[in-house]
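All letters in the sequence shown, in the order written, are residues 363 to 608 by this note's numbering.
Heads up, the beta-carbon is just placed ideally off N, CA and C, and yes, glycines get one too.
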Amino acid sequence: MRIAIAGGTGTLGRPVTDALRSRGHEVRVLSRRGPEYRVDVTTGEGLAEALDGVDVVVDATNDSSKHAADTLVEGSRRLLAAEEVAGVGHHVCVSIVGCELVPARYLRIKAEQERVVEEGPQPWSIVRATQFHELIDMALAPTARKHLMPVPRVPLQTVASTEVASVVADVAEGAPRRGRVEVVGPEVVDARELARTWRSTTGRRALLLPLPLPGRMGRALRAGALIAERPDVRGTTPFATWLAAH
């Protein structure tokens, strides 16, 4: 199959590209700074050419900036419209477990992105994942440089991006589901325990501080909004194992 990966140079896009190519598919990497298919979903630039003759589109774009809605919500609308014109038969959206349950700006935007896909013109599948191991590493490193690590008590179920990529590749190869597939990490661990693991493995000296999470968002996170007790796929690599290897 000919498969286009929007956001193909990102944390998830790269291993999805590698997984699909290893299975013999022709993969087009769509990115604003891509070497071949330069695409900007915030404007639609390059979409028509990039999607010509494509069978499946995987949307692995990400944006946590103040422009996130334009990239993820309006960008999805532009992407879906271009897919309809190009005759793409399957749209795979990558999203987040529990995004509709937490009143945080970025997660609300991801939930809206899902609604756009569900109501759009293209046959679709949604792959929901928990937080990547990479995210924990990237979040803790800057705080540790200040020798202080404020971390809330929140249950997380982090997962390796390569394991999510394998599931995304499976879904992309199959028929549109018009439903969700959830993939999570192998264990539920409190965020503070993940921070302790990170600190001991990296050898960084930093004081772990409690971080209160008030209001509805705090209640939702403490109640386990970002974990899934009965996922479709459960990864096998714990955070400690992944971190030691990286």
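Can you give me the C-alpha to C-alpha distance between residue i and residue j, rounded to a whole angstrom?
i: residue 580; j: residue 473; result: 18 Å
i: residue 426; j: residue 553; result: 20 Å
i: residue 438; j: residue 522; result: 25 Å
i: residue 409; j: residue 459; result: 28 Å
i: residue 377; j: residue 386; result: 14 Å
i: residue 508; j: residue 441; result: 41 Å
i: residue 502; j: residue 484; result: 39 Å
i: residue 599; j: residue 548; result: 7 Å
i: residue 445; j: residue 555; result: 43 Å
i: residue 597; j: residue 546; result: 6 Å
i: residue 602; j: residue 499; result: 11 Å
i: residue 578; j: residue 384; result: 44 Å
i: residue 575; j: residue 519; result: 19 Å
i: residue 373; j: residue 584; result: 27 Å
Nearest to residue i by CA position, among the options, is which residue?
i: residue 428; options: 461, 443, 468; result: 468
i: residue 606; options: 534, 433, 496, 440; result: 496
i: residue 464; options: 604, 589, 403, 594; result: 589
i: residue 586; options: 462, 441, 453, 437; result: 462
i: residue 388; options: 406, 416, 446, 408; result: 416
i: residue 435; options: 400, 477, 396; result: 477
i: residue 514; options: 565, 466, 573, 393; result: 573
i: residue 571; options: 564, 583, 558; result: 558
i: residue 551; options: 517, 583, 578; result: 517
i: residue 450; options: 493, 414, 466; result: 414
i: residue 566; options: 405, 504, 407; result: 504
Since residue i contacts residue j with CB under 8 Å, what's their CB separation in whole angstroms?
i: residue 430; j: residue 511; result: Residue 430 to residue 511, Cβ: 25 Å. No contact.
i: residue 544; j: residue 593; result: 4 Å
i: residue 418; j: residue 363; result: 6 Å
i: residue 367; j: residue 375; result: 5 Å
i: residue 423; j: residue 482; result: Not quite, the Cβ-Cβ distance comes to about 15 Å (not below 8 Å), so this is no contact.
i: residue 529; j: residue 479; result: Residue 529 to residue 479, Cβ: 17 Å. No contact.
i: residue 595; j: residue 534; result: Their Cβ separation, rounded to whole angstroms, is 14 Å, which puts residue 595 and residue 534 out of contact at 8 Å.
i: residue 456; j: residue 421; result: 6 Å
Return helix, strand or coil for residue i, following the three-state DSSP convention.
i: residue 504; result: helix
i: residue 569; result: strand
i: residue 607; result: helix
i: residue 467; result: helix
i: residue 442; result: helix
i: residue 498; result: helix
i: residue 450; result: coil
i: residue 585; result: coil
i: residue 385; result: coil
i: residue 392; result: strand
i: residue 510; result: strand
i: residue 537; result: coil
i: residue 474; result: helix
i: residue 556; result: helix
i: residue 575; result: coil
i: residue 377; result: helix
i: residue 590; result: coil
i: residue 427; result: coil
i: residue 432; result: helix
i: residue 544; result: strand
Short of 6 Å in beta carbon distance, which residues of its chain neighbour residue i, apart from the five on each side in sequence? Order them along the chain.
i: residue 604; result: 495, 522
Near residue i, which residues of its chain fall below 8 Å by C-beta distance, leaving aside the five closest residues on each side in sequence?
i: residue 371; result: 391, 393, 395, 396
i: residue 398; result: 390, 391
i: residue 541; result: 487, 488
Please list, in chain order, all residues of the same chain as residue i whose beta carbon is under 7 Å from its beta carbon, the five residues on each side excluded.
i: residue 403; result: 368, 423, 433, 437, 440, 441
i: residue 379; result: 367, 370, 389, 391
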